[in-house]
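Protein chains in written order, with the working numbering: chain A, 3 to 307; chain B, 5 to 88.
Structure representation (C-alpha cells):
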C-alpha cells in the first residue's frame, strides 16, 4: 500500500496514534506526530512510498515529532525523538517538517554502518551514478533537483550509501532539500515540480522540499554503479566547465566528508579507494542550470557510446 | 595486517595508518621519494639527492635538497620512514 492511499484523516489519526510505517530505500521507519505540518509534509512528499501496518512491521528507526510538554502555546516548539531519546535541541514548531527530514538524515548517517556513508548527493543515468559532494552553498541541491527533473534518477540529495560488500550505491530517494534562492530557481526551471511549504528562519535560511520523482521512488531498491565524482560549484556568470581533478585529493575530501569513515577503519579506506578507482573525478562550474544539465547529459551519453 | 595501507592514484597516493586511524595524502614528489627509498634501502642523504634528482631530471639546488628534506620529514612524521 502507498501512503497516498491513506486519506488525510487516516494519516493524521495513524501519526497521532501508533505511527506511520514507511520504507525509504533500504530503511524502514515509524513516524509518530500530532503536528499538522508533519502530516501535511508526508502527504505532499511521500505519497509514492510504501506504508504498512505499524503495529506489525519491523522498523529500523522509531522517530517522533511533538511539542515539548510546556511549550504548546507560548512560542511553540517541536522535539525530534529517536528511540525515545532527544538528540537535538527543540526547534520552532513551524520547522517541524524540515526537522523530520534532518532527523532522518541523522538516523541514517549515525547508524547505517553497513554502508560507507558520505555527505553527497547521488544521481544516475544509463546505469552509472554521479556522486556530487560539495560544501554548503555550492549549488549541489539545486543541480541535483535540476538533474532529477530532467531524466536523471534520484538516489539521494544528501547521503551517498556505498555498499561495503559490493561497492554499489544504494538509493534513498527522499525529498530534495532546497534552500533560499534555490527554491525559486527550481520553480522557474520546472513549474510542474512540487515543492512543499517554505519554512522560514531556520538555521539554513528558508527551506522547502521537492517531491522525489515517482520513477526514482519506484526504483528505490535498484542500486547503481559509481561512474563519476563531480564537485559542483555555482558561480554567477561562470561558463559551464568540467575539469578533471586529482583522484587522491578527491579521496581525501570524501574521507573527511564521510560520516563513518573513521568508525569503519581500514575497511572504510578500502571501500573509499575502490570507489575512486572506478570513477572519473571532476570539478564542475556552472551558472545556468539548463547548461549544467546538458553537460551532465553529454557525460552520460559519452559513457555509453 | 600491515600497519600501513597505501593506494596509489598516480602520480599521488593516499595512506591509511591502521594504528592511528589517520589517512594521509602523498604529493607526487613525496611518492617518487617514497618509492625510491623502498627500492634502495640504506641510501645516504647525498645518494638520495643524486638519485632523486636523476629520476626527476632536476639539478641539485638548495631548494631541491630543502624540498627533499621536507618530504622525508613528512614520511617520518606519518611513520612510513623509521630512520632517525
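The beta carbon of each residue, even a glycine, is placed where N, CA and C say it ideally should be. Everything numeric in this text was worked out from a predicted model, so none of it was measured.
Residue environment analysis places residue 218 of chain A among the buried positions, since at least 16 neighbouring C-beta atoms fall within 10 angstroms of its C-beta. For residue 10 of chain B, the enclosing beta strand (DSSP E) has its first and last residue at 8 to 13. Cβ atoms of residue 148 of chain A and residue 291 of chain A come within 8 Å of each other, at about 4 Å.
Secondary structure in the stretch 91 to 175 of chain A: the alpha helix (DSSP H) runs of 4 residues or longer, each lying completely within the stretch, are 98 to 113, 142 to 150 in chain order.
When DSSP states are grouped into helix, strand and coil, residue 31 of chain A belongs to the strand group. Under the DSSP assignment, residue 257 of chain A falls in the alpha helix (DSSP H) whose first and last residues are 249 to 258. Counting C-beta pairs closer than 8 Å gives three or more between the stretch 279 to 289 of chain A and the stretch 232 to 243 of chain A, which meets the contact rule.
At a cut-off of 8 Å between beta-carbon atoms, residue 83 of chain B makes no contact with chain A.
Taking CB atoms only, residue 34 of chain B has no neighbour in chain A less than 8 Å away.
Counted as a single uninterrupted DSSP element, the stretch harbouring residue 87 of chain A is not any alpha helix (DSSP H), since DSSP gives it neither H nor E.
Contact check for residue 119 of chain A against residue 261 of chain A passes: the beta carbons are separated by less than 8 Å.
Scanning its chain for C-beta atoms nearer than 7 Å, with the 5 sequence neighbours on each side dropped, one finds around residue 85 of chain A the residues 64, in chain order. The C-beta distance from residue 107 of chain A to residue 163 of chain A rounds to 12 Å, too long to meet the 8 Å contact threshold.
Secondary structure of residue 63 of chain B (DSSP, three-state): coil. With contacts defined by Cβ atoms closer than 8 Å, residue 192 of chain A and residue 200 of chain A do not form a contacting pair.
The Cβ atoms of residue 61 of chain A and residue 30 of chain A sit closer than 8 Å to each other.
Cβ contact annotation for residue 20 of chain B (same chain, cutoff 6 Å, sequence separation greater than five): 9, 27, in chain order. Listed along chain A are 250, each with a C-beta nearer than 8 Å to that of residue 17 of chain B. Within the stretch 273 to 284 of chain A, the residues whose Cβ lies closer than 7 Å to some Cβ of chain B are 275, 278, listed in chain order. Straight-line measurement puts the Cα of residue 58 of chain A at about 38 Å from the Cα of residue 272 of chain A. One Cα belongs to residue 282 of chain A, the other to residue 95 of chain A, and the distance between them is close to 44 Å. When rounded, the separation of the alpha-carbon atoms in residue 70 of chain A and residue 9 of chain A is 27 Å. Spatial neighbours of residue 25 of chain A in its own chain (CB-CB distance under 6 Å, excluding positions within 5 residues in sequence) are listed in chain order as 52. What residue 38 of chain B touches in chain A, judged by beta-carbon distance under 8 Å, is nothing: the nearest beta carbon there is about 13 Å away. Rounded to whole angstroms, residue 5 of chain B and residue 214 of chain A show a C-alpha spacing of 44 Å. Every unbroken stretch of the beta strand (DSSP E) spanning 3 or more residues and falling wholly within the stretch 3 to 78 of chain A is given here in chain order: 22 to 26, 29 to 35, 63 to 68.
Per DSSP, the continuous beta strand (DSSP E) segment holding residue 286 of chain A begins and ends at 282 to 288. A Cβ of chain A is located within less than 8 Å of the beta carbon of residue 25 of chain B.
If the five residues before and after residue 55 of chain B are omitted, its C-beta is found closer than 8 Å to the C-beta atoms of 40, 44, 47, all from its own chain and listed in chain order. Here residue 200 of chain A carries a coil assignment [DSSP, helix/strand/coil].
The C-alpha of residue 278 of chain A is placed about 21 Å away from the C-alpha of residue 303 of chain A.
The beta carbon of residue 35 of chain A does not come within 8 Å of any beta carbon belonging to chain B, so the residue lies off that interface. Taking 8 Å as the threshold, the shortest C-beta distance from residue 260 of chain A to chain B does not fall below it.
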